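*Asks:* Take the sequence shown: its position 49, counted from the start at 1, is 49 in full-length UniProt numbering, and no numbers get skipped. No residue lacks a Cβ here, since even glycine has one placed at the ideal position from N, Cα and C. Treat the numbers as computed from the prediction; the structure is a model and nothing was measured. Can you keep this structure in mind? I'll have questions shortly.
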Amino acid sequence: MAETRDKTQPIAVTAADLPLACPRPDAPLWARHPRVFLDVLKEGESVCPYCSAKYVFTGEHPKGHH
Numbered sequence: 001m002a003e004t005r006d007k008t009q010p011i012a013v014t015a016a017d018l019p020l021a022c023p024r025p026d027a028p029l030w031a032r033h034p035r036v037f038l039d040v041l042k043e044g045e046s047v048c049p050y051c052s053a054k055y056v057f058t059g060e061h062p063k064g065h066h
């Protein structure tokens, strides 16, 4: 999540981003909050309870996850 990211647009994540935690490692220091893990596989999307960032899962689900 770069500083210039449009905060109204969802953040696309793939199986490579799992387990998904917010804030993302590339978040600027001013955007940091306590780390929270989000389940994007259950509904296909998830919203961070701290910063309201919306994450949307794209691509194939990883093998072995339910």
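#1: Within the continuous beta strand (DSSP E) that includes Ala12, where are the two ends?
#2: When DSSP labels each residue in this structure, what does Leu38 get in the three-state scheme?
#3: Does DSSP put Ala53 in a helix, a strand or coil?
#4: Write down the C-beta distance between His33 and Tyr50 rounded to the nearest angstrom, noting that I regard them as a contact closer than 8 Å.
#5: For Val22 and Thr14, I'd like the C-alpha separation in whole angstroms.
#6: Does DSSP put Ala31 in a helix, in a strand, or in coil?
*Replies:* In terms of the structure at hand:
#1: Ile11 to Val13
#2: Residue state, collapsed to three classes: strand.
#3: Three-state DSSP puts Ala53 in coil, outside helix and strand.
#4: 4 Å
#5: One detail in the question is off: residue 22 reads as Cys in this sequence, not Val. So the alpha carbons of these two residues sit roughly 14 Å apart.
#6: When secondary structure is reduced to three states using DSSP, Ala31 falls in the helix class.
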